[in-house]
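Per the numbering used here, the sequence shown starts with residue 11, numbered consecutively. Quick notes on the structure that follows.
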Amino acid sequence: MSTSNPWLERIQAANLPALLPQSALPSSAAPLSDWSQAVREDPLLAMQIMGQANRIYANRDQQLSTLDHAAAVLGVQRLMNLTRTIPRISRGSTAYRGLRLNIADSLIAANLMKQWFEQRSLPWSDADFWSVLFHNLGFWALWLLEPQRMEAFEQRSTEGRDRTELVENLIEQSLPNWTRRLCHYLHLPQPPEHLNAEELDQIRERLLPNRSVMMSALLPLSHELAYQLRLSWDSPALDRLCKIGATALGIADFRQRLKIWIPHAARQYHLPEAGSAARHLLAHQPPISKAAAPAAARTKVRDPNLDTADDLRKSAKPVEPRPRVAPKPAPPPEPPPPPVKKRSAVNQDQLDNARTLLRRDIDVPDAEIHKTALDGLQKGLGLSRIVILKMIEGNWQATRTAGCSYYLLLRNLRLPLFKSTVMQEFSRRTAALWVNDSNRNKGQQTLPADLLKAADGEAFFLRSFKIGAAIPLLIYADAKDDKEELNEHDYRLFREFCADWNSALNRK
Numbered sequence: 011m012s013t014s015n016p017w018l019e020r021i022q023a024a025n026l027p028a029l030l031p032q033s034a035l036p037s038s039a040a041p042l043s044d045w046s047q048a049v050r051e052d053p054l055l056a057m058q059i060m061g062q063a064n065r066i067y068a069n070r071d072q073q074l075s076t077l078d079h080a081a082a083v084l085g086v087q088r089l090m091n092l093t094r095t096i097p098r099i100s101r102g103s104t105a106y107r108g109l110r111l112n113i114a115d116s117l118i119a120a121n122l123m124k125q126w127f128e129q130r131s132l133p134w135s136d137a138d139f140w141s142v143l144f145h146n147l148g149f150w151a152l153w154l155l156e157p158q159r160m161e162a163f164e165q166r167s168t169e170g171r172d173r174t175e176l177v178e179n180l181i182e183q184s185l186p187n188w189t190r191r192l193c194h195y196l197h198l199p200q201p202p203e204h205l206n207a208e209e210l211d212q213i214r215e216r217l218l219p220n221r222s223v224m225m226s227a228l229l230p231l232s233h234e235l236a237y238q239l240r241l242s243w244d245s246p247a248l249d250r251l252c253k254i255g256a257t258a259l260g261i262a263d264f265r266q267r268l269k270i271w272i273p274h275a276a277r278q279y280h281l282p283e284a285g286s287a288a289r290h291l292l293a294h295q296p297p298i299s300k301a302a303a304p305a306a307a308r309t310k311v312r313d314p315n316l317d318t319a320d321d322l323r324k325s326a327k328p329v330e331p332r333p334r335v336a337p338k339p340a341p342p343p344e345p346p347p348p349p350v351k352k353r354s355a356v357n358q359d360q361l362d363n364a365r366t367l368l369r370r371d372i373d374v375p376d377a378e379i380h381k382t383a384l385d386g387l388q389k390g391l392g393l394s395r396i397v398i399l400k401m402i403e404g405n406w407q408a409t410r411t412a413g414c415s416y417y418l419l420l421r422n423l424r425l426p427l428f429k430s431t432v433m434q435e436f437s438r439r440t441a442a443l444w445v446n447d448s449n450r451n452k453g454q455q456t457l458p459a460d461l462l463k464a465a466d467g468e469a470f471f472l473r474s475f476k477i478g479a480a481i482p483l484l485i486y487a488d489a490k491d492d493k494e495e496l497n498e499h500d501y502r503l504f505r506e507f508c509a510d511w512n513s514a515l516n517r518k
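Take a look at the structure:
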């Protein structure tokens with residue numbers, strides 16, 4: 011294959027990096043299986059290991075297709091030497107953020123494919139995993155070469171533009187051809203042939219249970235689904251993909267099944283970004299007052315976070331008809347709200363580190379999970395006072411606190427369910443709430459007086475946890491004495507972090 015391509019020449023001139031720091035890799039005394047497990051979550055490092063092993067095998071006219079085989083060929087000492095020479099991407103850079111998100115998309119896509127193949131009783135191998143994973147290698151390479159442009163393309167794709175079309179216009183070649191060139195140069199297995207977007211749209215019936223047919227159709231579908239779900243669970247692009255998936259797999263409730271498949275896929279990896287779509291799903295729960303609940307409760311709960319709730323106590327007096335008046339010119343559009351700034355107390359690295367620890371698939375006591383989570387919220391999100399309340403005999407009772415040594419009301423917080431329909435709603439399902447100056451007056455009507463007194467005028471977050479079939483925990487958090495107010499950005503980070511915390515408690 012010709013290498014006379016300016017973009018490929020830039021890759022050839024680059025010193026390809028990795029994401030995982032050397033300190034995250036096993037020692038020289040560790041077995042090869044530990045190396046494979048650690049490297050598996052950094053496909054940038056994995057592809058260089060596989061490429062190096064395949065260069066050794068090149069004169070045998072063979073090609074290795076799995077990381078396990080490549081690691082066995084190189085051995086621990088050569089793995090140590092190779093990984094020490096590979097540079098790491100600067101944390102916090104545009105390329106670092108974009109690569110982690112896009113690699114996470116590919117990891118989710120590979121697990122979706124595995125679930126779909128198993129559902130249709132088709133064999134799935136580790137070689138399939140790697141061939142599916144490298145399907146978007148072309149995107150990864152461009153995030154290394156042109157991170158600012160790729161970031162702009164992702165932003166434009168949220169506005170309705172086709173990300174693939176934008177990339178192909180940039181590199182002046184088709185994305186599949188670009189990926190094949192990269193795989194050839196890097197000595198990686200070539201990705202499977204697959205349908206393009208137009209061919210996907212033409213699927214009109216359930217696919218035959220044939221490996222090649224399923225692979226060619228579901229490969230692009232899985233990757234595009236993973237990407238779109240990371241952006242939003244409600245978009246025209248997602249509607250189109252769900253329609254294709256429902257037809258191709260013969261699953262009428264395909265969209266609902268995604269709410270099971272995506273969290274399951276996220277739990278297979280430690281990379282925090284792999285849980286972006288799952289956290290987005292969990293974090294955007296409907297407001298408390300709109301959740302499914304007994305009829306009596308639905309008419310009584312007034313959600314303090316719901317600014318547009320109807321006032322059911324309005325007079326039933328008939329409204330006099332108003333005389334018609336000439337329409338007035340529409341007022342000029344209001345300027346867009348200023349972007350929400352990140353509080354200076356937020357430390358994204360600390361937050362990411364805590365999420366990584368919470369996502370470890372190992373048996374950890376609940377007390378250790380809580381300690382990790384409390385440290386993450388305090389050092390990462392800059393929340394100063396945190397209370398873990400447990401459901402005990404019909405009361406939310408404080409059982410563990412952080413930063414509350416001088417705040418007895420929070421340390422001894424006890425909230426009887428019978429005094430608040432909102433507290434009752436928290437005990438029924440996973441939900442989140444942000445009480446602030448804009449809704450505090452409404453909150454005084456429905457939230458327990460003891461809770462508001464303990465908060466002492468501070469804005470605060472609440473989030474209930476579901477463990478198994480029960481709702482045993484409620485989290486309170488605020489940023490007491492921080493000069494910067496809690497904002498929408500903090501609330502989103504809090505909900506996403508709690509989703510990881512909740513998942514860790516369910517993993518036992």
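By construction, the Cβ of each residue, glycine as well, lies at the ideal position given by its N, Cα and C atoms.
Among the options, nearest to residue i - alpha-carbon criterion
i: GLY61; options: ALA227, LEU196 and GLY255; result: LEU196
i: LYS381; options: THR174, ARG370, ASN446 and ALA412; result: ALA412
i: LEU180; options: SER37, SER437, PRO157 and VAL356; result: PRO157
i: ASP244; options: ILE213, ALA287, TRP271 and ALA262; result: ALA287
i: PHE592; options: ALA514, ASN451 and SER448; result: The question about residue 592 has no answer here: the residues shown for the chain are numbered 11 through 518.
i: ILE270; options: ILE118, LEU89 and ASP138; result: ILE118
i: ARG265; options: ASP138, CYS252, PRO375 and CYS414; result: CYS252
i: CYS508; options: ASP44, LEU291 and ASN357; result: LEU291
i: PRO273; options: ALA105, SER226, GLN72 and ASN516; result: ASN516
i: THR87; options: ARG370, SER38, GLY102 and ASP376; result: The amino acid occupying residue 87 in the given sequence is Gln; Thr does not appear at that position. Ranking the options by Cα distance to GLN87, first place goes to SER38.
i: ASP510; options: ARG410, VAL356, LEU384 and ALA489; result: LEU384
i: GLU234; options: ASN146, GLU161 and ARG438; result: ASN146
i: ASP136; options: ASP460, ALA442, ARG250 and ARG50; result: ARG50
i: GLN183; options: ARG395, ASN15, LEU427 and GLU164; result: ASN15
i: SER116; options: SER33, TYR237 and ARG159; result: TYR237
i: ILE59; options: ALA68, ASP44, ASN69 and THR76; result: THR76
i: ASN357; options: GLY390, PRO31, GLN72 and ASP373; result: GLY390
i: TRP45; options: VAL374, ASP78 and GLU203; result: ASP78
i: ARG421; options: GLU435, TRP406 and GLN434; result: TRP406
i: LEU89; options: ASP362, TRP134 and GLN32; result: GLN32
Own chain residues within Cβ distance below 7 Å of residue i, not counting five before or after
i: GLN200; result: ARG190 and CYS193
i: PRO27; result: LEU54, ILE96, PRO97, ARG98 and ILE99
i: ALA114; result: LEU281, GLU283, ALA284 and SER286
i: ARG101; result: ASP359
i: LEU74; result: MET60, ALA63, ASN64, TYR67, ALA80 and VAL83
i: THR104; result: PRO157, GLN158 and GLU161
i: ARG410; result: HIS380 and ILE398
Residue i CB to nearest heavy atom of the ligand GTP below 7 Å
i: ALA137; result: This structure lacks the ligand GTP; in fact it carries no ligand of any kind.
Anticipated Cβ contact below 8 Å, residue i with residue j, distance rounded
i: MET57; j: LEU185; result: Wrong, their Cβ atoms sit about 17 Å apart, outside the cutoff.
i: LEU387; j: ALA487; result: 6 Å
i: PHE149; j: ASN91; result: That pair is no contact at about 29 Å.
i: LYS469; j: VAL445; result: Sequence check: residue 469 is Ala here, not Lys. Between VAL445 and ALA469 the Cβ distance is about 6 Å, and since that is below 8 Å, they are a contact.
i: LEU143; j: ARG221; result: So it is not a contact: roughly 17 Å between Cβ atoms.
i: LEU217; j: ALA227; result: 6 Å
i: ALA355; j: ASP492; result: 6 Å
Contact under 8 Å by Cβ, residue i with residue j
i: LEU419; j: ALA464; result: yes
i: PRO230; j: ARG130; result: no
i: ALA63; j: ALA48; result: no
i: THR527; j: LEU35; result: Outside the displayed range of the chain (11 to 518) lies residue 527, so it cannot be described from this structure.
i: LEU462; j: GLN455; result: no
i: MET224; j: PHE139; result: no
i: LEU425; j: SER437; result: no
i: ASP447; j: ARG353; result: no
i: PRO458; j: LYS490; result: no
Contact set for residue i: own chain, Cβ-Cβ below 8 Å, skip 5 residues either direction
i: ALA24; result: LEU154 and LEU155
i: ALA82; result: LEU42
i: LEU176; result: PHE163, ARG166 and SER167
i: TYR106; result: LEU29, ILE99 and SER100
i: GLU215; result: THR257
Other residues of its chain near residue i: CB distance less than 6 Å, five sequence neighbours each side excluded
i: PHE471; result: TRP444, ALA487 and PHE504
i: THR440; result: SER474 and LYS476
i: ILE396; result: LEU384, LEU387, ALA412 and ALA487
i: ASN512; result: PHE475
i: SER232; result: ALA119, LEU122 and MET123
i: GLU344; result: Reliability of the predicted coordinates at GLU344 is poor, the pLDDT of 46 falling under 50, and the value obtained from them is presented with this limitation in mind. Nothing listed; no residue qualifies.
(Q) For the segment 392-410 against the segment 474-484, do three or more pairs of beta-carbon atoms, one drawn from each stretch, fall closer than 8 Å, so that the two count as touching? (A) Yes: at least three Cβ pairs fall under 8 Å.
The segment 156-172 touching the segment 114-129, judged by at least three CB pairs closer than 8 Å
Below 8 Å, too few C-beta pairs join the segment 156-172 and the segment 114-129 to call them touching: fewer than three.
*Spell out a yes or no on whether the segment 255-264 and the segment 488-497 are touching, meaning 3 or more CB-CB pairs, one atom from each, closer than 8 Å.*
The segment 255-264 and the segment 488-497 do not touch, with fewer than 3 CB-CB distances between them shorter than 8 Å.
**OP:** Indicate whether the contact test is met: 3 or more Cβ pairs, each with one atom in the segment 364-377 and one in the segment 274-283, closer than 8 Å.
**Re:** Yes: the two stretches touch, three or more of their Cβ pairs being nearer than 8 Å.
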